[in-house]
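Q: This is the structure I have questions about; it appears just below.
Chains as they are written, first to last, in my numbering: chain A, 1 to 589; chain B, 590 to 713.
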């Protein structure tokens with residue numbers, strides 16, 4: 001401990017001023033002055049790679065702030081080729097995102113590395129195509145050297161052509177694409193724009209080799225429905241020779257028709273699937289979609305038609321679950337009660353009971369839970385109900401629900417939720433009485449974390465720290481300590497925040513928490529404590545980062561002078577340049 | 590991807606539950622299991638995922654902190670499991686022998702519906 005204190009003490013805030021630090025902004029610093037000082041610090045970095053990286057960051061920041069010429073010029077002045085290209089590529093990305101494509105193009109062309117230049121050009125071509133500049137996009141795409149980047153640009157170009165109704169041009173472009181995923185996207189867009197049998201078949205055949213059959217079923221079906229030719233989906237899919245692809249295509253079209261509200265056609269299509277597993281899957285999908293559209297009776301009928309026992313049960317369970325979650329309790333109950341085998345019906349009823357409790361109907365939920373004959377699922381339902389009631393702050397009702405639970409694990413989970421509710425209600429001592437005897441594990445740890453947080457917020461730092469330290473799992477204990485430390489720091493409770501962060505027993509996590517606490521304290525104006533927390537970070541690089549974070553937080557909070565003083569005191573050129581740049585960016589133009 | 594993971598956990602958990610022979614008593618299948626989940630349609634189509642799960646006294650436990658799992662198995666190996674999280678929920682069911690098996694899962698996540706199958710092998 002003494003050694004640690006000595007090390008911390010040796011980290012003087014203000015080091016001897018180097019040549020690069022000689023010219024600093026004065027008492028009334030301007031943004032331009034701070035930026036100039038930051039740039040000077042970056043140029044003074046001894047290591048060539050680090051210097052190039054820092055200058056690149058300045059160049060990108062310049063371009064993003066609208067000083068495009070300055071940014072590009074600074075990027076091009078970087079002597080290290082890798083970092084120069086990196087800065088130019090980032091500038092291209094920023095300019096493309098901002099829609100400044102004409103300015104992005106020369107920056108992209110200045111990139112030396114073929115692959116990076118190609119990717120930058122592909123980004124621009126895709127943006128041009130999206131904007132409808134098909135001629136410009138085609139010219140840029142044609143100039144791309146790397147096949148992968150060119151393919152991605154060509155896919156965007158084909159999609160733009162298809163959307164514009166230039167189907168022949170789109171097809172020519174798509175057929176030039178040499179990789180399957182990009183060609184799939186292009187041909188899919190063509191099938192949406194012009195859903196002929198030939199276009200759909202070509203797109204499906206290419207999509208078949210990609211993972212997950214990425215064909216735009218929904219969009220194609222919508223176009224077919226608008227054109228009054230939905231029968232085409234059935235005909236095209238049925239005509240596919242490969243049996244597996246035919247089943248997958250039929251399933252995709254069936255789901256798309258169901259989503260469009262064409263349930264009867266969707267069922268017909270799904271039932272025409274030859275393979276039993278694929279047919280069960282497709283009918284289950286259609287049933288689920290029908291239930292989402294509030295056609296629960298029809299959905300259950302479809303689900304009941306599934307021949308495979310497990311697939312049928314899963315589909316009905318999913319319908320009951322989805323209805324309960326959507327608050328359609330009567331429909332959920334209807335679905336659950338349609339399950340004949342009690343083994344599957346009881347858990348479904350348990351889910352409905354939980355949903356009833358979540359919607360505030362605790363008495364009905366408990367009655368439903370009580371009606372479950374199987375002990376395990378009755379306990380499960382009571383635990384779910386207790387959890388929902390506790391989360392809603394209804395502690396006496398939650399206790400009533402939890403009391404009869406026999407299964408130790410489920411009883412523990414319910415009591416943990418109630419203990420957390422006590423803490424939330426400002427009664428951490430009551431919560432602690434329930435939580436302490438629980439079996440060590442996730443539920444107990446999470447409850448103790450909630451109690452510690454409530455105690456700390458109420459000013460009981462010592463008790464809170466003791467409770468947080470009693471969390472058995474190290475990961476959860478340190479997460480709880482970090483979380484409480486941050487909440488306290490945000491509230492400006494400096495000593496308690498630092499105490500919680502210092503209690504973390506993992507070096508890296510403690511360093512990270514101290515850095516975060518330091519930044520949060522700086523934001524609330526606790527400059528001295530923030531700096532002390534930052535300087536107590538053990539790892540040297542993390543410590544520098546933490547001090548830099550304090551400077552940036554101060555500047556963001558409008559305390560530019562104080563932030564600047566701290567940034568200027570950083571002896572390491574890279575961190576100082578970064579801190580100064582951060583402060584400049586926080587200042588008004 | 591996170592939402593997909595939650596959905597597929599349901600299938601994995603369903604499988605692990607079903608391994609247990611007994612309902613609430615100690616099961617001869619208590620132990621560790623590796624479950625492979627295959628997305629067939631919806632937001633998880635084409636995906637394959639593996640999950641380690643544990644069975645104790647016929648109940649399944651998932652040690653990941655990203656979901657809450659409940660489930661049960663009956664003496665003939667039929668299984669039900671439910672998984673919920675902030676991102677959605679899912680149910681899985683199936684039937685297994687003592688050392689392997691399979692079934693179906695369905696879920697609703699923020700990315701949309703997801704359905705598929707699962708299979709399992711005992712690992713310890």
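All residues carry an ideal CB built from backbone N, CA and C; glycine is no exception. Bear in mind that the values here come from a model prediction, so they are computed numbers and not experimental data.
#1: Taking all protein chains shown into account, do 16 or more other C-beta atoms lie within 10 angstroms of the C-beta of residue 645(B), making it buried, or fewer, making it exposed?
#2: Between residue 363(A) and residue 412(A), what straight-line distance do the alpha-carbon atoms span, to the nearest angstrom?
#3: Shorter than 9 Å from the beta carbon of residue 213(A) to some beta carbon of chain B?
#4: What residues in the segment 643-669 of chain B bring their beta carbon closer than 8 Å to a beta carbon of chain A?
#5: Closer than 7 Å by beta-carbon distance: list the chain A residues that pair up with residue 704(B), in chain order.
#6: Shortest alpha-carbon distance to residue 584(A) belongs to which of 180(A), 66(A), 556(A)?
#7: Using Cβ-Cβ distances below 9 Å, what residues of the segment 676-689 of chain B are close to chain A?
#8: Taking the continuous alpha helix (DSSP H) assigned at residue 356(A), which residues delimit it?
#9: From the DSSP output, in three-state form, read off residue 680(B) for me.
#10: Quick test of your reading: residue 442(A) and residue 41(A), contact by CB under 8 Å. State the CB separation rounded to the nearest angstrom.
#11: Assign residue 688(B) to one of three DSSP states: helix, strand, or coil.
#12: Say whether chain A places a C-beta atom closer than 9 Å to the C-beta of residue 620(B).
#13: Quick check: the Cα distance between residue 358(A) and residue 641(B), rounded to an integer number of angstroms?
#14: Tell me, to the nearest whole angstrom, how far the beta carbon of residue 567(A) is from that of residue 551(A); I am working on the premise that it is less than 8 Å.
#15: What residues match up with residue 644(B) in a beta bridge as DSSP calls it?
#16: Do you know how far the Cα of residue 360(A) is from the Cα of residue 157(A)?
#17: For residue 522(A), collect the residues of the same chain with a Cβ closer than 6 Å to its Cβ; drop the 5 residues on either side in sequence, then sort them by chain order.
#18: May I ask you to list, following chain order, the residues of the segment 305-329 of chain A that have a beta carbon less than 7 Å from some beta carbon of chain B?
#19: Measuring alpha carbon to alpha carbon, tell me which of 65(A), 33(A), 34(A), 77(A) ends up nearest residue 53(A).
#20: Is the Cβ of residue 404(A) closer than 9 Å to any Cβ of chain B?
#21: Mapping DSSP to helix, strand and coil, what is residue 112(A)?
#22: Could you run through the segment 344-356 of chain A and flag, in chain order, every residue whose CB is less than 7 Å away from some CB of chain B?
#23: Short of 7 Å in beta carbon distance, which residues of its chain neighbour residue 435(A), apart from the five on each side in sequence? Order them along the chain.
#24: Of all the options 116(A), 147(A), 241(A), 152(A), which has the alpha carbon lying nearest to the alpha carbon of residue 129(A)?
#25: Under 7 Å Cβ-Cβ, which residues of chain B neighbour residue 380(A)?
#26: Output, in sequence order along the chain, the residues in the segment 532-552 of chain A whose CB is closer than 7 Å to any CB in chain B.
#27: Can you look up residue 294(A) in the DSSP assignment and give me helix, strand or coil?
#28: Give the range of the alpha helix (DSSP H) segment to which residue 73(A) is assigned.
#29: Indicate whether at least one CB of chain B lies closer than 9 Å to the CB of residue 341(A).
#30: To the nearest whole angstrom, what separates the beta carbons of residue 658(B) and residue 669(B), a pair I think is in contact under 8 Å?
#31: Taking the DSSP output, what are the residues bridged to residue 708(B)?
#32: Could you check whether residue 115(A) and residue 684(B) sit closer than 9 Å to each other, using their CB atoms as the reference points?
#33: Under the three-state reduction of DSSP, which class applies to residue 57(A): helix, strand or coil?
#34: Taking Cβ-Cβ distances below 9 Å as the criterion, which residues of the segment 246-259 of chain A are in contact with chain B?
#35: Can you name the residues that DSSP bridges to residue 675(B)?
#36: Quick check on the burial criterion: 16 or more other C-beta atoms within 10 angstroms. Buried or exposed for residue 510(A)?
A: Judging by the given coordinates:
#1: Result: exposed.
#2: Rounded to whole angstroms, the separation of the alpha carbons of residue 412(A) and residue 363(A) is 22 Å.
#3: Closer than 9 Å: yes.
#4: Taken in chain order, the members of the segment 643-669 of chain B whose beta-carbon sits within less than 8 Å of a beta-carbon on chain A are 648, 654, 659, 660, 661, 663, 667, 669.
#5: Ordered by position in chain A, the residues that pass the 7 Å Cβ test against residue 704(B) are 281, 284, 285.
#6: The residue from 180(A), 66(A), 556(A) with its alpha-carbon nearest to that of residue 584(A) is 556(A).
#7: Listed by position, the residues of the segment 676-689 of chain B near chain A (Cβ gap below 9 Å) are 677, 678, 679, 680, 681, 682, 683, 684.
#8: Residue 356(A) -> alpha helix (DSSP H) spans 342-358.
#9: Note: residue 680(B) maps to strand in three-state DSSP.
#10: Rounded, the Cβ-Cβ distance is 48 Å, inconsistent with contact.
#11: Residue 688(B) falls in the coil class under three-state DSSP.
#12: Not closer than 9 Å to any Cβ of chain A, the Cβ of residue 620(B) fails to qualify, so no.
#13: Computed Cα separation, rounded: 31 Å.
#14: So it is a contact: roughly 4 Å between Cβ atoms.
#15: The partner list for residue 644(B) (beta bridge, DSSP) reads 620(B), 649(B).
#16: Roughly 54 Å separates the two Cα atoms.
#17: So the qualifying residues of the chain are 530, 550, 553, 554.
#18: Correct list: 310, 311, 313, 314, 315, 317, 318, 321, 322, 325.
#19: The closest CA to that of residue 53(A), considering only 65(A), 33(A), 34(A), 77(A), is found on 77(A).
#20: Not one chain B Cβ lies under 9 Å of residue 404(A).
#21: In this structure, residue 112(A) counts as coil in the three-state DSSP scheme.
#22: Under the 7 Å Cβ criterion, the segment 344-356 of chain A contributes 344, 347, 351.
#23: The residues are 416, 419, 444, 447, 448, 451.
#24: Of the candidates 116(A), 147(A), 241(A), 152(A), the one whose C-alpha sits nearest the C-alpha of residue 129(A) is 152(A).
#25: Ordered by position in chain B, the residues that pass the 7 Å Cβ test against residue 380(A) are 659.
#26: Answer set for the segment 532-552 of chain A: empty.
#27: In this structure, residue 294(A) counts as coil in the three-state DSSP scheme.
#28: For residue 73(A), the enclosing alpha helix (DSSP H) covers residues 68-76.
#29: For residue 341(A), the nearest CB of chain B lies under 9 Å from its own CB, placing it at the interface with that chain.
#30: The C-beta separation of residue 658(B) from residue 669(B) comes to about 11 Å, leaving the pair out of contact by the 8 Å criterion.
#31: Residue 708(B) is bridged by DSSP to 625(B), 691(B).
#32: No, they are not a contact pair.
#33: Look at residue 57(A) here: in three-state DSSP terms it is helix.
#34: Taking 9 Å as the Cβ-Cβ cut-off against chain B, the residues of the segment 246-259 of chain A that qualify are 248, 251, 252, 255.
#35: None, per the DSSP bridge assignment.
#36: With 16 or more other Cβ atoms from the protein chains shown falling within 10 Å of its own Cβ, residue 510(A) counts as buried.
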